[in-house]
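Every number in the numbering used here is 85 more than the matching position in the sequence shown, counting from 1.
Encoded as structure tokens, the structure appears first; notes follow it.
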Amino acid sequence: MRSHARGHLVYAAAGVLAVHTERGTSVVPANRVAWTPAGFTHHHRAHGDTDMRIVFLAPSLARLLPEHPAVFLASGLAREVLLALTGPRDHDDAAPGYGRSARSRLLRVLVDELREAHEQPLHLPEPQDDRLRAVARMLHEKPADNTSLAELGKTIGASPRTLSRLFRDELGMTFYEWRTQLRVYHALVLLADGHDITRTAYACGWANPSGFIAAFTAIIGTTPGRHRTGHQTTARASSAEPECARRA
86 MRSHARGHLV YAAAGVLAVH TERGTSVVPA NRVAWTPAGF THHHRAHGDT
136 DMRIVFLAPS LARLLPEHPA VFLASGLARE VLLALTGPRD HDDAAPGYGR
186 SARSRLLRVL VDELREAHEQ PLHLPEPQDD RLRAVARMLH EKPADNTSLA
236 ELGKTIGASP RTLSRLFRDE LGMTFYEWRT QLRVYHALVL LADGHDITRT
286 AYACGWANPS GFIAAFTAII GTTPGRHRTG HQTTARASSA EPECARRA
């Protein structure tokens with residue numbers, strides 16, 4: 086875990102990123118941008134062949150964004166600005182071809198775009214209760230497990246009513262909503278690693294691909310097939326640069 090003196094935006098031009106903070110895990114596919122304010126302890130985990138772009142913001146711009154970690158739906162303009170701002174990895178402090186005033190204008194456009202965007206997190210809150218932690222650990226290890234909440238409760242010594250209340254009060258969602266978020270997270274990882282849609286659906290607990298496609302689309306905003314195609318297109322475009330761009 087680390088923290089930074091400046092807030093920063095993270096975008097995966099290819100692959101999938103998971104941003105871990107004390108509040109839980111946020112998954113960042115290619116149509117979203119993660120924001121971590123200054124001082125928040127965090128770490129990033131990349132899945133697949135990931136091209137991670139990072140943009141640090143001055144306090145004058147950072148104050149325009151939320152005071153808490155957030156994930157935004159990235160517009161086409163926001164994505165293009167992020168790619169323009171992040172040059173080859175040998176040039177961490179300046180994207181090639183842009184002076185200070187041009188970079189300042191691009192950063193302001195980027196922040197304005199995100200201020201207009203909706204927060205759309207694929208977020209897995211971190212359980213604090215030991216009973217919830219036990220359930221979360223079991224399902225992280227086996228996301229395809231269709232064991233009912235009642236059966237899981239028997240395993241850890243808690244009633245389904247108690248577990249339902251804990252999910253609602255502590256994590257702000259039902260058990261089934263949380264498990265669906267978890268499964269979509271694992272699906273994103275498998276898709277980034279090159280697995281096909283049918284194999285991914287069964288590996289993450291769906292009885293058939295159509296159910297997986299519906300759940301994935303409802304949360305991510307695009308179908309698994311379009312998500313994969315978009316990632317491949319972006320990856321080809323970014324690989325055409327002299328080197329993989331990293332940080333601004």
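For each residue, glycine too, the CB sits at the ideal point set by N, CA and C.
In this text the structure is predicted, and so the values were computed from the model without any measurement.
Return helix, strand or coil for residue i, following the three-state DSSP convention.
i: His119; result: The sequence given here has Ala at residue 119, not His. Strand.
i: Gly310; result: helix
i: Glu107; result: coil
i: Gly238; result: helix
i: Phe157; result: strand
i: Ala97; result: strand
i: Arg148; result: coil
i: Arg200; result: helix
i: His225; result: helix
i: Arg87; result: strand
i: Leu207; result: strand
So is residue i buried or exposed if we call it buried at 16+ other beta carbons inside 10 Å?
i: Arg138; result: buried
i: Arg222; result: exposed
i: Asp136; result: buried
i: Glu198; result: buried
i: Arg313; result: buried
i: Ala97; result: buried
i: Arg162; result: First, the residue type needs correcting, since residue 162 is Leu and not Arg in the sequence shown. Exposed.
i: Pro309; result: buried
i: Arg117; result: buried
i: Thr121; result: buried
i: Pro144; result: exposed
i: His153; result: exposed
In chain order, what residues of the same chain lie with their CB nearer than 8 Å to the CB of residue i, ignoring the 5 residues before and after it?
i: Leu142; result: Arg91, Gly92, His93, Leu94, Leu150, Leu192 and Val196
i: Arg200; result: Leu149 and Leu150
i: Thr259; result: Ser249, Phe252 and Arg253
i: Thr126; result: Met86, Arg87, Ser88, Thr106 and Glu107
I'd like the span of the alpha helix (DSSP H) that includes residue i, first residue to last.
i: Ala286; result: Ile282 to Ala288
i: Thr265; result: Phe260 to Ala277
i: Ser295; result: Pro294 to Ile305
Kindly indicate the opening and closing residues of the beta strand (DSSP E) around residue i.
i: Ala131; result: His127 to Phe141
i: Leu248; result: Not the beta strand (DSSP E): Leu248 falls in the alpha helix (DSSP H), residues Pro245 to Leu251.
i: Pro212; result: Segment: none, Pro212 is in no beta strand (DSSP E) and carries neither H nor E.
Might you give, ordered along the chain, the residues of its own chain that have their beta carbon closer than 7 Å to the beta carbon of residue i, omitting 5 neighbours on each side?
i: Gly124; result: Ser88
i: Ala219; result: Ile241
i: Ala243; result: Arg216
Can you list, in chain order, the residues of its chain whose CB lies under 6 Å from that of residue i, leaving out five sequence neighbours each side?
i: Tyr270; result: Val112
i: Val166; result: Leu191, Val194 and Leu195
i: Ala103; result: Thr110, Val112 and Arg130
Handout entry: Meets three-Cβ-pair contact criterion under 8 Å: the region 229 to 240 and the region 283 to 291
Key = yes
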